[in-house]
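K.L.:
Structure incoming, see below.
There are 2 protein chains.
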Amino acid sequence: MRIVVIGGVAAGMSAASQARRRDPGCEVVVLDRGHDISYSACGMPYNIGDPARGVDDLVILNAETARSERGIDVRTRHAVQAIDVSRRVVKIADLNAGSDYELSWDALVIASGATAIRPAVPGLDLAGVFVLRDLTDARHIKRHLADVKVSTAVVVGAGYIGIEMADVLHGLGIAVSMLEKADQVLPGFAPAIVDVAAHALERHGVSVQTATSLQRVQRDGVDLLVHSDRGVIRVQIVIVAVGVRPDVALAREAGIALGASGAIAVDSAMRTSAPGVFAAGDCAEAHHLVLGRPSWIPLGTTANKQGKVAGANAARAAGAAGGDQHFGGIVGSAGFKCFDLEVARTGLGSSEIAHAGLDAVAAVSTHHTRARSYPGDKPITTVVYAERGSGRLLGAQMIGGEAVAKRIDVFATALHARMTLAQIEALDLTYAPPFAPVYDPILIAASVGVKALAKRR
Amino acid sequence: MRIVVIGGVAAGMSAASQARRRDPGCEVVVLDRGHDISYSACGMPYNIGDPARGVDDLVILNAETARSERGIDVRTRHAVQAIDVSRRVVKIADLNAGSDYELSWDALVIASGATAIRPAVPGLDLAGVFVLRDLTDARHIKRHLADVKVSTAVVVGAGYIGIEMADVLHGLGIAVSMLEKADQVLPGFAPAIVDVAAHALERHGVSVQTATSLQRVQRDGVDLLVHSDRGVIRVQIVIVAVGVRPDVALAREAGIALGASGAIAVDSAMRTSAPGVFAAGDCAEAHHLVLGRPSWIPLGTTANKQGKVAGANAARAAGAAGGDQHFGGIVGSAGFKCFDLEVARTGLGSSEIAHAGLDAVAAVSTHHTRARSYPGDKPITTVVYAERGSGRLLGAQMIGGEAVAKRIDVFATALHARMTLAQIEALDLTYAPPFAPVYDPILIAASVGVKALAKRR
Chain B
0 MRIVVIGGVA AGMSAASQAR RRDPGCEVVV LDRGHDISYS ACGMPYNIGD PARGVDDLVI
60 LNAETARSER GIDVRTRHAV QAIDVSRRVV KIADLNAGSD YELSWDALVI ASGATAIRPA
120 VPGLDLAGVF VLRDLTDARH IKRHLADVKV STAVVVGAGY IGIEMADVLH GLGIAVSMLE
180 KADQVLPGFA PAIVDVAAHA LERHGVSVQT ATSLQRVQRD GVDLLVHSDR GVIRVQIVIV
240 AVGVRPDVAL AREAGIALGA SGAIAVDSAM RTSAPGVFAA GDCAEAHHLV LGRPSWIPLG
300 TTANKQGKVA GANAARAAGA AGGDQHFGGI VGSAGFKCFD LEVARTGLGS SEIAHAGLDA
360 VAAVSTHHTR ARSYPGDKPI TTVVYAERGS GRLLGAQMIG GEAVAKRIDV FATALHARMT
420 LAQIEALDLT YAPPFAPVYD PILIAASVGV KALAKRR
Chain Y
0 MRIVVIGGVA AGMSAASQAR RRDPGCEVVV LDRGHDISYS ACGMPYNIGD PARGVDDLVI
60 LNAETARSER GIDVRTRHAV QAIDVSRRVV KIADLNAGSD YELSWDALVI ASGATAIRPA
120 VPGLDLAGVF VLRDLTDARH IKRHLADVKV STAVVVGAGY IGIEMADVLH GLGIAVSMLE
180 KADQVLPGFA PAIVDVAAHA LERHGVSVQT ATSLQRVQRD GVDLLVHSDR GVIRVQIVIV
240 AVGVRPDVAL AREAGIALGA SGAIAVDSAM RTSAPGVFAA GDCAEAHHLV LGRPSWIPLG
300 TTANKQGKVA GANAARAAGA AGGDQHFGGI VGSAGFKCFD LEVARTGLGS SEIAHAGLDA
360 VAAVSTHHTR ARSYPGDKPI TTVVYAERGS GRLLGAQMIG GEAVAKRIDV FATALHARMT
420 LAQIEALDLT YAPPFAPVYD PILIAASVGV KALAKRR
């Protein structure tokens with residue numbers, strides 16, 4: 000029996016490894032159109048920021064080790080052209096050999112990931128203009144930074160990846176300008192968080208133009224001219240980080256159902272609408288526990304977890320023992336570094352709350368990461384959203400100098416447990432001067448939220 | 000109407016402030032036998048470690064400000080001698096004036112705290128031998144360190160405070176020896192945590208003698224000779240940190256019921272057995288949510304929260320509006336710094352589990368605080384305890400280089416929500432290379448625990 004996996008990064012390799020672990024007798028073939036498998040995509044910006052490290056540092060498992068140690072038949076530079084659900088075959092182009100072939104499967108896992116969105120403007124194919132989606136992109140960016148004297152850069156898009164790239168380029172001594180179409184950096188984050196992030200960008204000399212659209216990029220000798228509706232910026236590198244979309248072309252053409260988000264619809268066993276076909280990772284939806292419906296939030300943790308479930312169940316579907324795993328769903332937790340600050344969020348933001356038709360109160364609080372009497376104490380800002388009436392936490396966002404991401408994890412846990420702000424306010428959290436004030440910022444945020452709920456009832 | 004509060008530190012001042020906030024018309028008198036009120040006791044070791052800072056830095060609210068800004072009648076150096084529950088009066092010795100008087104109350108809050116245990120061995124009254132319980136102790140220690148050339152020290156007791164003191168004395172360039180009666184440092188912590196802590200002490204040149212009893216301290220010129228059953232150590236300072244006991248003498252003599260722990264028995268409204276009498280903080284018990292019964296774990300956060308509840312309800316009992324507050328209970332969360340490591344715990348440890356007659360599995364895991372590809376990644380060790388059968392989390396302990404205390408808060412939140420390890424394993428926690436690996440140590444710990452539960456079923 001054979002399990003075929005399309006895509007060899009986080010979800011795909013998790014699925015392949017899990018299927019082999021469940022049943023060492025089954026044949027597992029991983030097909031990836033790229034050169035690399037199993038790498039830390041989230042680590043790419045930081046790797047780019049460190050010229051001393053090779054991009055290959057990000058590889059968790061290379062194809063050879065996957066073959067020899069895990070018994071996985073990894074085929075890189077093999078692009079799947081079509082999925083035939085009724086005949087249970089995939090059509091493959093071997094990009095190395097320049098030939099095509101078919102491969103049959105007993106179970107199929109689609110882990111085709113997401114592709115970078117490229118705005119439809121002229122000049123994005125010029126040398127020196129990059130997206131950052133896979134290791135090949137990372138290699139090209141590093142080579143460009145090594146070969147060309149880059150003193151100025153434009154980053155298009157001020158979301159997570161855009162800000163991470165601005166951070167690392169700034170660290171390399173490059174003057175960075177950011178262009179963002181929305182009227183704020185960090186679209187989706189609350190104003191109180193955005194203000195602190197924008198101030199951090201300003202403090203580090205990053206020029207940010209919000210409500211600004213990229214119009215075209217032009218070459219001018221060794222330089223690139225970046226035209227927006229606000230003017231022209233002369234740079235030597237352009238990073239386009241305006242988001243990703245699920246890579247669902249193969250699934251759609253095979254007649255596999257997509258969800259409302261545009262990603263592949265799956266149940267908690269990662270089954271798609273086609274029998275024996277599973278999907279996992281950035282190409283698939285995930286059940287959002289706060290919304291109570293499917294959503295699409297492509298993130299590495301989710302990809303790994305979904306891949307594991309898909310692999311176990313694919314092995315079972317192909318006839319192996321075990322399986323019947325379920326993915327527990329997401330609450331939308333994410334974190335990133337913004338220069339000397341940590342930023343993180345979990346649950347719903349204001350636009351998701353509005354879109355879901357929920358009636359919520361937002362409460363902003365600022366507090367401290369340590370006891371005030373302890374050196375190195377840093378400010379921290381928290382926004383919590385809670386449902387009017389029930390008082391249930393709907394989401395939380397934080398920005399501050401330290402221990403933000405793991406504090407957000409407390410809110411994430413509270414979302415899983417469907418806690419109210421009053422219950423969060425009563426949590427027995429650790430206190431020690433080096434790590435937290437007597438009332439942790441989490442408790443203060445909940446307390447301010449409880450008061451806001453009472454006031455506006 | 001008058002509310003009298005015995006004790007002016009965390010619980011006492013929280014109670015007094017809350018009572019005044021609830022009803023600005025009520026008279027609130029705080030009686031404290033010491034010189035100081037409202038200070039950060041937990042900050043004392045770190046303050047001692049910094050000769051440039053005054054001890055008064057730890058004062059949150061001084062008596063004068065409490066009087067002028069909060070309208071609280073603070074009387075320092077006023078020692079309560081007795082509580083007369085039937086006549087509703089306290090008998091007070093004014094230590095400044097050398098006179099006694101009585102004060103009647105409509106509601107009374109006992110926040111008499113805890114006192115340091117002093118082993119019954121000769122020499123503990125010698126100059127240079129200290130406990131660390133209040134600001135006066137901290138001042139004496141700092142003065143001694145400034146006046147005497149201290150090159151070697153003994154810390155008796157290797158619990159939280161002992162290790163914090165060893166840490167700061169070592170930071171002052173003093174060679175530190177520790178004596179601990181138990182057969183391990185950090186009594187109550189799991190062997191896997193203790194091993195890492197003991198190694199940190201060793202790495203920093205701290206000599207630790209476990210299973211060792213202090214026998215006596217002797218003066219020898221400018222030095223002190225510390226005799227134990229293992230030999231003699233010559234030092235210039237001795238810190239005795241062998242624990243505290245609840246200061247319940249007044250309550251006991253007044254016929255107020257004590258709990259099984261020896262601390263004052265209270266309900267969730269912080270009411271004692273005597274009508275109109277409340278207790279809060281280190282002198283009182285707290286409902287332990289994991290054990291489902293009262294316990295005594297004296298900590299600053301609990302003191303502050305209980306004080307607030309006691310103050311609100313005392314105001315109500317005295318006839319003021321509002322009140323009817325309840326303390327939500329504890330799960331036993333605590334954290335501290337151990338040289339370059341953070342240590343934290345929540346819930347039950349193995350002896351508490353055994354004592355409660357619970358059947359539990361312990362699972363140890365070691366992982367990383369960041370993605371391995373990100374610089375500055377540090378090891379982290381986690382122990383989780385879960386109930387056999389139900390799989391419910393009973394407790395967790397962690398030690399590592401960063402973000403330990405706030406990770407323990409995730410386990411604490413899970414304890415409040417009575418989560419199983421399987422539910423914790425499914426949590427959607429933040430991932431970003433600078434702050435966490437794809438599978439956070441919390442998830443790995445839960446996963447290892449789930450496997451241990453399955454294996455030993």
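Residue numbers (numbering that gives the first Met the number 0), protein chains in the order written: chain B, 0 to 456; chain Y, 0 to 456.
Positions of the beta carbon are idealized from the N, C-alpha and C atoms, including for glycine.
#1: Can you pull the chain B residues whose beta carbon is under 7 Å from the beta carbon of residue 254 of chain Y, in chain order?
#2: Looking at the secondary structure, which residues open and close the beta strand (DSSP E) in which residue 226 of chain Y lies?
#3: Between the stretch 312–329 of chain Y and the stretch 45–64 of chain Y, are three or more C-beta pairs nearer than 8 Å?
#4: Spell out a yes or no on whether the stretch 341–349 of chain Y and the stretch 436–447 of chain B are touching, meaning 3 or more CB-CB pairs, one atom from each, closer than 8 Å.
#5: So which residues of chain B does residue 179 of chain Y contact, with C-beta pairs closer than 8 Å?
#6: How is residue 195 of chain Y classed by DSSP in three states: helix, strand or coil?
#7: What are the uninterrupted segments assigned as alpha helix (DSSP H) that are 4 or more residues long and contained completely in the stretch 296–348 of chain B, given in chain order?
#8: Helix, strand or coil: which one does DSSP assign to residue 270 of chain B?
#9: Mind listing, in chain order, the continuous alpha helix (DSSP H) runs of no fewer than 4 residues lying wholly within the stretch 347–377 of chain B?
#10: Tell me, please, which residues DSSP counts as bridged to residue 107 of chain B.
#11: Using CA coordinates, which residue listed in B:352, B:414, B:164 and B:241 is at the minimum distance from residue 43 of chain B?
#12: Taking C-beta pairs closer than 7 Å, name the residues in chain Y that residue 406 of chain B reaches, listed in chain order.
#13: Quick one: grab the DSSP three-state call for residue 179 of chain Y.
#14: Go ahead and label residue 217 of chain Y buried or exposed: buried means 16 or more other beta carbons lie within 10 angstroms of its beta carbon, across all protein chains shown.
#15: Quick check on residue 95 of chain Y: buried or exposed, where buried means 16 or more other Cβ atoms within 10 Å of its Cβ?
#16: Quick one: using the 10 Å Cβ neighbour count with 16 as the cut-off for buried, is residue 433 of chain B buried or exposed?
#17: Specify the secondary structure class of residue 77 of chain B as computed by DSSP and reduced to three states.
#18: Give the straight-line distance between the Cα atoms of residue 426 of chain Y and residue 326 of chain B, rounded to the nearest whole angstrom.
#19: What is the residue span of the alpha helix (DSSP H) that residue 263 of chain Y lies within?
#20: Please confirm if residue 220 of chain Y has its CB atom under 8 Å from at least one CB of chain B.
#21: When the cut-off is 8 Å and only beta carbons count, does residue 161 of chain B lie next to chain Y?
#22: Does residue 159 of chain B come out as helix, strand or coil in the three-state DSSP assignment?
#23: List the whole-angstrom C-beta distance separating residue 225 of chain B from residue 232 of chain B, where the pair is believed to meet the contact cut-off of C-beta under 8 Å.
#24: With a CB to CB cut of under 7 Å and the five nearest residues on each side skipped, what residues in its chain are close to residue 197 of chain Y?
#25: Determine, using beta carbons only, whether residue 93 of chain B comes closer than 8 Å to chain A.
#26: Around the Cβ of residue 159 of chain B, are there at least 16 other Cβ atoms within 10 angstroms (buried) or fewer (exposed)?
#27: Does the stretch 275–284 of chain B come close enough to the stretch 300–307 of chain B to have 3 or more Cβ pairs within less than 8 Å?
#28: How about residue 0 of chain B and residue 105 of chain B: are their beta carbons less than 8 Å apart?
#29: Excluding the 5 residues preceding and the 5 following residue 38 of chain Y in the sequence, name in chain order all residues of the same chain whose CB lies nearer than 7 Å to its CB.
#30: Looking at residue 137 of chain Y: is its Cβ nearer than 8 Å to the Cβ of residue 144 of chain Y?
#31: Using 8 Å as the limit for Cβ to Cβ distance, is residue 238 of chain Y near chain B?
#32: Could you tell me whether any Cβ in chain Y is nearer than 8 Å to the Cβ of residue 41 of chain B?
#33: Under 6 Å Cβ to Cβ from residue 65 of chain B, same chain only, skipping five residues before and after it: list those, please.
#34: Using a Cβ-Cβ cut-off of less than 7 Å, list which residues of the stretch 351–381 of chain Y approach chain B; keep chain order.
#35: Go ahead and pull the three-state DSSP assignment for residue 141 of chain Y.
#36: Count the C-beta pairs between the stretch 187–206 of chain B and the stretch 367–375 of chain B that are closer than 8 Å, then say yes if the count reaches three, no if not.
P.N.:
Taking the structure as given:
#1: For residue 254 of chain Y, no chain B residue has a C-beta closer than 7 Å to its own C-beta; the minimum C-beta separation is roughly 31 Å.
#2: Unbroken beta strand (DSSP E) run through residue 226 of chain Y: 222–227.
#3: Under the three-pair Cβ rule at 8 Å, the stretch 312–329 of chain Y does not count as touching the stretch 45–64 of chain Y.
#4: no
#5: At a C-beta separation below 8 Å, residue 179 of chain Y has no neighbours in chain B, since its nearest C-beta there lies roughly 20 Å away.
#6: helix
#7: 299–316
#8: strand
#9: 349–354
#10: DSSP, once it has assigned bridges, lists B:3 and B:276 as partnering residue 107 of chain B.
#11: B:164
#12: Identification of chain Y residues near residue 406 of chain B by a Cβ-Cβ cut-off of 7 Å yields 405, ordered along the chain.
#13: coil
#14: exposed
#15: exposed
#16: buried
#17: Reduced to three states, the DSSP call for residue 77 of chain B is strand.
#18: The straight-line gap from Cα to Cα measures roughly 10 Å.
#19: It is not in any alpha helix (DSSP H) - residue 263 of chain Y carries neither H nor E in the DSSP assignment.
#20: No - not a single Cβ of chain B is within 8 Å of the one on residue 220 of chain Y.
#21: no
#22: helix
#23: 5 Å
#24: If we look at residue 197 of chain Y and ignore the five residues flanking it on each side, its Cβ neighbours are 184 and 207.
#25: Given the protein chain composition of this structure (B and Y), no chain A is represented.
#26: So residue 159 of chain B counts as buried.
#27: yes
#28: It is a contact, given that the beta carbons lie within the stated cut-off.
#29: 8, 57, 58, 59 and 134
#30: no
#31: Not closer than 8 Å to any Cβ of chain B, the Cβ of residue 238 of chain Y fails to qualify, so no.
#32: yes
#33: 71 and 73
#34: When CB distances to chain B are screened at a threshold of 7 Å, the residues of the stretch 351–381 of chain Y falling below it are 370, 372 and 373, in chain order.
#35: helix
#36: no
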